[in-house]
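Please read the structure below before turning to the comments.
4 protein chains.
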Amino acid sequence: MSADLMSEVSGRGALANIDGAAIKRAMAAVSTFEVRSLGLPIRNGEGPVGPRRQPPQHFMVRDGGDAAVAPARHGFSFSDDVLLIPTHGTTHMDALCHVWQDGTMYGGIPADLVTSRGAKRLGIEEAGPVVTRVLIVDAVPGGRPWLDVAEPVSVDHVRSLLDAAGLAPERGDALFLRTGWVDAWAAGAQNQLGWGGLDVDAVDWVLESGFSIIGADNIGVEMAPASDPTCAVPLHVRLLRDHGVYFVELLDLAGFEGAAVAGMLTLGPLNIVGATASPLAPVVVF
Amino acid sequence: MSADLMSEVSGRGALANIDGAAIKRAMAAVSTFEVRSLGLPIRNGEGPVGPRRQPPQHFMVRDGGDAAVAPARHGFSFSDDVLLIPTHGTTHMDALCHVWQDGTMYGGIPADLVTSRGAKRLGIEEAGPVVTRVLIVDAVPGGRPWLDVAEPVSVDHVRSLLDAAGLAPERGDALFLRTGWVDAWAAGAQNQLGWGGLDVDAVDWVLESGFSIIGADNIGVEMAPASDPTCAVPLHVRLLRDHGVYFVELLDLAGFEGAAVAGMLTLGPLNIVGATASPLAPVVVF
Amino acid sequence: MSADLMSEVSGRGALANIDGAAIKRAMAAVSTFEVRSLGLPIRNGEGPVGPRRQPPQHFMVRDGGDAAVAPARHGFSFSDDVLLIPTHGTTHMDALCHVWQDGTMYGGIPADLVTSRGAKRLGIEEAGPVVTRVLIVDAVPGGRPWLDVAEPVSVDHVRSLLDAAGLAPERGDALFLRTGWVDAWAAGAQNQLGWGGLDVDAVDWVLESGFSIIGADNIGVEMAPASDPTCAVPLHVRLLRDHGVYFVELLDLAGFEGAAVAGMLTLGPLNIVGATASPLAPVVVF
Amino acid sequence: MSADLMSEVSGRGALANIDGAAIKRAMAAVSTFEVRSLGLPIRNGEGPVGPRRQPPQHFMVRDGGDAAVAPARHGFSFSDDVLLIPTHGTTHMDALCHVWQDGTMYGGIPADLVTSRGAKRLGIEEAGPVVTRVLIVDAVPGGRPWLDVAEPVSVDHVRSLLDAAGLAPERGDALFLRTGWVDAWAAGAQNQLGWGGLDVDAVDWVLESGFSIIGADNIGVEMAPASDPTCAVPLHVRLLRDHGVYFVELLDLAGFEGAAVAGMLTLGPLNIVGATASPLAPVVVF
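Protein chains in written order, with the numbering used here: chain A, 40 to 325; chain B, 40 to 325; chain C, 40 to 325; chain D, 40 to 325.
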């Protein structure tokens, strides 16, 4: 593609659909002023993290012990620390440079632009901040604690819960689905190799509904292993790569059992230049 | 202090003053639906970072080059990466465990609880998410590009700008001050050893105004070096330690020259258990 | 202790016993000129590592993929990388600052000197390089593949093997014992919580033999769990802390089944200032 | 190249020339039994490191402060730590995968084998341990403290010093040259962008002399900037890539002013699988 065409592709992707009306709709969803973070705890040496990723490491470089053994003259002291974290190693938002098919990423931008020095285009810094309405729905049916490994989310089930709650998706909304995987992982019932989530039959509904963002309390939003034998993450290709829909993964959705609710969602991805994702703590106001 | 007393101290500190009315006030400050991140870019090997801290490092563990030299059979591939960052090494919010005086942190909690394994109390995970009104004021007077090193912000100047804009601080608000230091640093005019900011004469005004959060586009919000010869960061002691006022530092306030404006601020600190701060990208809606 | 006394304590510890005669003895042990590294492979994300430690991480920051997608004009290119490793996270030598009892390390030096900024005394940089004779003995009796968890090495067995080989320990020698734990770990038969090794009954023999260094193919040289209910690592206290005997752990002793051999050992610990250990690849010439 | 041919290329490169006779020669060079490490200190946050590399970071994860604020019941405690280091970020040996020309590395092996997961061939783990004779020569003439930036080492000067000392290079030897750059860097007189070292006119002499290893107290052994406008490191191409000569860089050669001496050198590169170099502390016995 020509340099001119390439510069015309916006890294906002489907986030561009979040206009003033969408933000107004988000604010209108606020009623009780309850504020909730959907970010998982980040603990030194602990997961959950996906395959080939290592858990975060948290290094203290100054602490109370230092102050105790070498007290400051005037009584003041402080602590300081360093974090090592896979950008996908806790609650995070994928950048549009995260996946590609046949050599091109979203908007036809070549994957060759993603090198050891980071992504020259579509890094997470191009996502920008997000304020929009989120619909949070429990996709686990029938009082079970979690979906099985590779159990598809039923779109009909999700739609019926939304209908019952009087909630209709609108262009620019976010959809967060509870699959129970984080709970299954914590309970030792499932591991980082498989989980329930969206299957390819959900693609059309996600697009028709106009969701700018989809998220879940698992590693991929879509289920794993996938039903497509030729691609491990077909929804990443058909939604993120083909349409710029952003994915938010490893959400903390504890407490949303049985829920179908709306709130005002704010996402502040770190401006990590050229990164394939950003850890973040999504904030929802109900 | 007894274990009972200690468990009664809330890590929310002054954030507890942000009630439903404060959130409603934040939402009322929204008019144009412009959404802005105040997070600085995070670039591999680049600052600004404070003394004794190293710049962030960004490691790609899978990229387009890998896919080019070993193409996948079905054309799908992806990128992945890891971030190493001082928690205070870009735009961030300090935890209440970050500073102490005479062995005790906020609420009288002993600094001995902060060890190489992190803070057992008052880590950033205790801050929780924040939605409140923010007042953003340019503290650099007279068309100058930035404050001098160790130049105190004039409280009178800030108040007059707020007055002129018809803005009155209310309990639970955040105050973000533009000092120009990030610009001075980028221009090579100042370094990580000194900057303009709040001086001790601002303490009473901050407390009387009821600010839950103060922030600036410099390393410490307060000026450096400090005017107090016995303490490098007296405002951290008198505001964060004594009153639980949260500090947000290294803000990106480019574009706020001459400003005195209000907006809806959302902070989603990462839930890094036991950490002394969290990198974050504050999101403001105007 | 006074500053004067403290500066008199040598960080070489028992290595000070390695004199010219000991080096001459090491060289005299060389016969076939076979050179062997006893350093385990260091692989990204893989152990073995001890409890509370994370596996090494290896980050490529420039590689062949980068060169493939953005070829250099004149055809030259290169690769580069970064290593994150616990200093005890592969084959390594403990520093004398690694352990203490009742607040003091080797030579009576206070443990308070070991802070978040590293050890002000007895860091691994004080060990210096080592050339001495090593006796390598298979401590696993009777054709078994490895010692059981918490199975003590029999000093009688080791001595009889040495006797049979005509080898008598001399002051300044190193002793490396094969316990088989690395093999047991690789086979999934034992984990990072227990292994066979020296028990407290070996302390007198080690000291009387004049060993400056003891090593093994397990995490602690001494067995785990220990037979002493009050101390997890009694030999570290009685040998390293009390007498400055250096410990080399996680050796690669594959191929030494049934062996009792001598060689010339060279250790080049990295000069990591203030570190509690150094990864290294011991080199033996037979 | 075919898989068969590729597997025939030895990662030892020119180290294969170090035979029993070479090791015997190394041992014969020992006279005073003085043992010396040539590894630079590794200090948290300090260089020297080359362009685009960050200084090492040293994190304490357990220390005397922790023990002071939470004493163990039976008085035993310990320290532990983690090291982050560019493999070329202190004294180190380059792997044969470090450089290539026109897409191929040493032995014609494709650079495509070097990806984000490391080098599948010619990683530092293929170097193996080294014991050989080293000739250490001060290449700074005339009592000056260091070579100028881009000042070529005079081969005639080096040869005349060796001649005067009665030392003749033999096949398999190592050559370590003092350029003074580490001193110039410490003095603030030169930076990481330039130094004196070998120029292309030294290539033939190095090859004819049969050196398996060349080293220096600068970042590249060869001088920088190079005299070749089409290649930043022509000696890396013509010696390491074309002939498998190993490079050891950032040596600590303090004390070798005016020297032309021989000793027994031992190199124990860490077995970092797929790495482009290994930090190490070369050990010389005189």
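Even for Gly, the Cβ is constructed at its ideal location relative to N, Cα and C.
- Listed along the chain, the chain B residues whose CB falls inside 7 Å of the CB of A213 (chain A) amount to none; the nearest CB is some 14 Å away.
- At least one CB of chain A lies nearer than 7 Å to the CB of G78 (chain B).
- Within the segment 89-100 of chain A, the residues whose Cβ lies closer than 8 Å to some Cβ of chain C are R91, Q93, P94, Q96, M99 and V100, listed in chain order.
- Listed in chain order, the non-local C-beta contacts of S317 (chain C) below 7 Å within the same chain comprise T126, H131, M132, I163, P308, L309 and I311, local neighbours out to five positions each way being set aside.
- The beta carbon of S116 (chain D) sits closer than 6 Å to the beta carbons of A106 from its chain, once the five residues preceding and following it are set aside; these are given in chain order.
- Boundaries of the beta strand (DSSP E) around A255 (chain B): I252 to A255.
- Taking 7 Å as the threshold, the shortest C-beta distance from D119 (chain C) to chain B does not fall below it.
- Per DSSP, the beta bridge partners of S317 (chain D) are D:M132.
- Minimum Cα-Cα distance from Y285 (chain D) among the listed residues D:V245, D:G302 and D:V323 corresponds to D:V245.
- What G84 (chain D) touches in chain B, judged by beta-carbon distance under 9 Å, is R91, R92 and Q93, going in chain order.
- For the 7 Å CB-CB criterion, A320 (chain C) and G78 (chain C) form a contact.
- The beta carbon of P94 (chain D) is closer than 6 Å to those of G84, E85, G86 and V88 in its chain, skipping five residues each way along the sequence.
- As the crow flies, the alpha-carbon of T305 (chain A) is around 8 Å from that of P168 (chain A).
- Exclusion of the five residues before and after L152 (chain A) leaves A158, K159 and R160 as the residues of its chain whose Cβ lies within less than 7 Å of its Cβ.
- DSSP lists D:D120 as the beta-bridge partner residues of M99 (chain D).
- The straight-line gap separating the alpha-carbon atoms of D119 (chain B) and F72 (chain A) is approximately 36 Å.
- With at least 16 other beta carbons inside 10 angstroms of its own, R64 (chain D) counts as buried.
- Between A301 (chain B) and L201 (chain B), the C-beta spacing is not below 7 Å.
- With contact defined as three or more Cβ pairs closer than 8 Å, the segment 183-196 of chain A and the segment 140-148 of chain A are not in contact.
- Taken atom to atom, the span from the alpha-carbon of V272 (chain C) to that of V188 (chain A) is near 43 Å.
- The straight-line gap separating the alpha-carbon atoms of E165 (chain A) and D58 (chain A) is approximately 17 Å.
- Chain order gives the chain B residues near D151 (chain D) as A107, V108 and A109, where near means a beta carbon separation below 9 Å.
- Taking the Cβ atoms as the reference, V242 (chain A) lies roughly 10 Å from I253 (chain A), outside the contact range of under 8 Å.
- Here DSSP, grouped into helix, strand and coil, assigns V192 (chain C) to coil.
- For M262 (chain A) and R280 (chain A), the gap between their C-alpha atoms comes out near 17 Å.
- For F286 (chain C), DSSP records a beta bridge to C:I253.
- Within 9 Å of the CB of G104 (chain A), the CB atoms of chain D belong to D102, G103, G104, D105, A106, A107, V108 and A109, in sequence order along the chain.
- For S116 (chain A), no CB of chain C lies under 7 Å from its own CB, so it is not counted at the interface with that chain.
- Counting the other Cβ atoms within 10 Å of the Cβ of G294 (chain C) gives fewer than 16, which makes it exposed.
- In the three-state reduction of the DSSP assignment, D58 (chain B) falls in the coil class, being assigned neither a helical nor a strand state.
- Annotated as proximal: V324 (chain D) and V74 (chain D), with beta-carbon spacing under 7 Å.
- In this structure, B:I124 is the residue among B:T129, B:I81, B:I124 and B:R277 with its C-alpha nearest to the C-alpha of V100 (chain A).
- Setting aside the 5 residues that flank it on each side, P191 (chain B) is surrounded in the same chain by D238 and M262, each with a C-beta closer than 6 Å to its C-beta; the list follows chain order.
- In this structure, the beta-carbon distance from M303 (chain D) to M66 (chain D) falls below 7 Å.
- Boundaries of the alpha helix (DSSP H) harbouring W244 (chain A): V242 to S248, taken from the DSSP string.
- Boundaries of the beta strand (DSSP E) around W139 (chain D): V138 to Q140.
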